[in-house]
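Structure, as structure tokens:
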Amino acid sequence: MTVAGSRKATVTLPSDTQILITREFHAPKELVWKAWTTPELVRRWWHANRGEMTVCEIDFRVGGKWRYAMHAEGFGEVGFHGEYREIEPFERLVSTEAYEGIPDADAHAAVDTLTLTELDGRTLMTVLVEHPTKEGRDMHIESGMEDGMQDAMNLLEGVAAELR
Amino acid sequence: MARAATTADAFNAVAEPRRRQILDVLAGGERPVNDLVAHLGLAQPLVSKHLRVLREVGAVEVRGDGRRRLYRLNGAALKPIHDWVQGYEETWSERFEQLDVVLGELNEEEEGR
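Protein chains in written order, with the working numbering: chain X, 1 to 164; chain P, 165 to 277.
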């Protein structure tokens, strides 16, 4: 294991329509922000070792659209898209996120809020995924569960479900 | 959708903070409802309502012991949620490990200036 590998992401369920992801990085928030919002940098980490990223489009302005897609080994193409709602440089980013693998993806889009808080050169990141309805949350969960039920698909579990 | 409905319901049952508290207490062993009322500081009808939701998804089971009813945790019903969260966590952990590599390079570039 690398040193980085010891810092696991923490996932909690604050309410019945929310998922919260938390993680600390050994870098100032300006750099985390840059890596999160620059297409050629996103391409290098978003794939989570599940395959190759095939699309990474970022129109970084309020009202601008984004779209990520990847070819996940053993699963096929998975795509996500959304729109930037609020941009507070280096600290807060609100965007919508639709998983293209479910019907009426846009109607069930989640709202994601990224926050970055820096302390002593380290940055605490939180990503709050809020589904507009319990139905949307259930679809998100269920799309992941079906694959998760097959052992061979374990690695793809997150990608299949929601992975933005 | 139907076959996963129970799981989604369990997720729902567990998303409520008070119900998670109940599960935490029951993780320590079987308890009568009065114990749960004392632990949570809630009115008994409210605790009973939460217990009913948890029983409906199988997260909690009950048995009679004389005049008392004892509640206990059924971890198996919660396993799908645990597995889902774990899978989600693993994917994000791997993603962030890649991000660490990118950040390491950006850090070096900054320092090199």
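We put the beta carbon where it would ideally sit given N, CA and C, even for glycine. On a predicted model such as this, the values are computed, not experimentally measured, just so you know.
Reference residue i, options the options, closest by Cα
{"i": "S95 (chain X)", "options": "X:L116, X:D104, X:G63 and X:A69", "result": "X:G63"}
{"i": "V165 (chain X)", "options": "X:S15, X:R61 and X:M70", "result": "With chain X covering only 1 through 164, there is no way to say anything about residue 165 (chain X)."}
{"i": "L215 (chain P)", "options": "P:L267, P:R277, P:I186 and P:G268", "result": "P:I186"}
{"i": "P103 (chain X)", "options": "X:D120, X:D112, X:I21 and X:H140", "result": "X:H140"}
{"i": "K8 (chain X)", "options": "P:R277, P:L270 and P:Y252", "result": "P:Y252"}
{"i": "E274 (chain P)", "options": "X:A27, X:G101 and X:F90", "result": "X:A27"}
{"i": "A253 (chain X)", "options": "X:R137, X:T22, X:C56 and X:K29", "result": "Since the first and last residues shown for chain X are 1 and 164, residue 253 (chain X) lies out of range."}
{"i": "G74 (chain X)", "options": "X:R50, X:R61 and X:E91", "result": "X:R50"}
{"i": "Y235 (chain P)", "options": "P:L200, P:V178, P:E272 and P:F175", "result": "P:L200"}
{"i": "T115 (chain X)", "options": "X:W36, X:T17 and X:D16", "result": "X:W36"}
{"i": "T126 (chain X)", "options": "X:R23, X:A109 and X:I58", "result": "X:R23"}
Proximal chain P residues relative to residue i, where beta-carbon distance stays under 7 Å
{"i": "R44 (chain X)", "result": "Q262 and V266"}
{"i": "I21 (chain X)", "result": "W256"}
{"i": "L119 (chain X)", "result": "What L119 (chain X) touches in chain P: nothing, since even the nearest Cβ is about 16 Å away."}
Cross-chain neighbours of residue i in chain X, by beta carbon under 7 Å
{"i": "A179 (chain P)", "result": "L13, S15 and D16"}
Contact with chain P by residue i, beta-carbon distance below 8 Å
{"i": "L114 (chain X)", "result": "no"}
{"i": "L9 (chain X)", "result": "Checking the sequence shown, residue 9 (chain X) turns out to be Ala, not Leu. Interface residue, yes."}
{"i": "V107 (chain X)", "result": "First, the amino acid is wrong: residue 107 (chain X) is Ala here, not Val. No - not a single Cβ of chain P is within 8 Å of the one on A107 (chain X)."}
{"i": "N49 (chain X)", "result": "yes"}
{"i": "Q150 (chain X)", "result": "Interpretation of Q150 (chain X) is limited by its pLDDT of 35, a score under 50 that renders its predicted location unreliable; no figure is taken from the coordinates."}
{"i": "A110 (chain X)", "result": "no"}
{"i": "A35 (chain X)", "result": "yes"}
{"i": "L93 (chain X)", "result": "no"}
{"i": "L41 (chain X)", "result": "yes"}
Contact list for residue i against chain C, beta-carbon separation under 7 Å
{"i": "V32 (chain X)", "result": "Considering every chain present, this structure includes no chain C. Its protein chains are X and P."}
Proximal residues of chain X, C-beta to C-beta of residue i below 9 Å
{"i": "R183 (chain P)", "result": "Those do not exist, as R183 (chain P) stays about 10 Å from chain X at its closest Cβ, beyond 9 Å."}
{"i": "R232 (chain P)", "result": "The contacting residues do not exist; R232 (chain P) stays about 31 Å from chain X at best."}
Extent of the continuous beta strand (DSSP E) to which residue i belongs
{"i": "G51 (chain X)", "result": "G51 to I58"}
{"i": "F80 (chain X)", "result": "G76 to E88"}
{"i": "V221 (chain P)", "result": "Run containing V221 (chain P): none; DSSP gives neither H nor E here."}
{"i": "L13 (chain X)", "result": "From DSSP, L13 (chain X) is part of no beta strand (DSSP E); its letter is neither H nor E."}
{"i": "A98 (chain X)", "result": "R92 to Y99"}
CB contact below 8 Å: residue i versus chain X
{"i": "L270 (chain P)", "result": "yes"}
{"i": "N176 (chain P)", "result": "yes"}
{"i": "E236 (chain P)", "result": "Inspection of the sequence shows that residue 236 (chain P) is occupied by Arg rather than by Glu. Judged by the 8 Å Cβ criterion, R236 (chain P) is not in contact with chain X."}
{"i": "R277 (chain P)", "result": "no"}
Under 8 Å by beta carbon: chain P residues contacting residue i
{"i": "K29 (chain X)", "result": "Near K29 (chain X) there are no residues of chain P at all, since even the closest Cβ is about 11 Å away, more than 8 Å."}
{"i": "F25 (chain X)", "result": "F260, L263, D264 and L267"}
First through last residue of the alpha helix (DSSP H) which encompasses residue i
{"i": "W66 (chain X)", "result": "No alpha helix (DSSP H) contains W66 (chain X), which is instead part of the beta strand (DSSP E) from K65 to A72."}
{"i": "L31 (chain X)", "result": "K29 to T37"}
{"i": "T21 (chain X)", "result": "According to the sequence as given, residue 21 (chain X) is Ile; it is not Thr. Here I21 (chain X) belongs to no alpha helix (DSSP H); instead the beta strand (DSSP E) covers Q18 to F25."}
Just by C-beta distance, which residues in the stretch 202-222 of chain P are closer than 9 Å to chain X? Cβ contacts with chain X come from no residue of the stretch 202-222 of chain P.
Which of the residues in the stretch 243-257 of chain P, read from start to end, lie with their CB under 7 Å from any CB of chain X? Listed by position, the residues of the stretch 243-257 of chain P near chain X (Cβ gap below 7 Å) are P244, D247, W248, V249, G251, Y252, E253, E254, T255, W256 and S257.
Under 9 Å (Cβ pairs) to chain P, residues found in the stretch 51-69 of chain X: Considering only beta carbons, no part of the stretch 51-69 of chain X lies closer than 9 Å to chain P.
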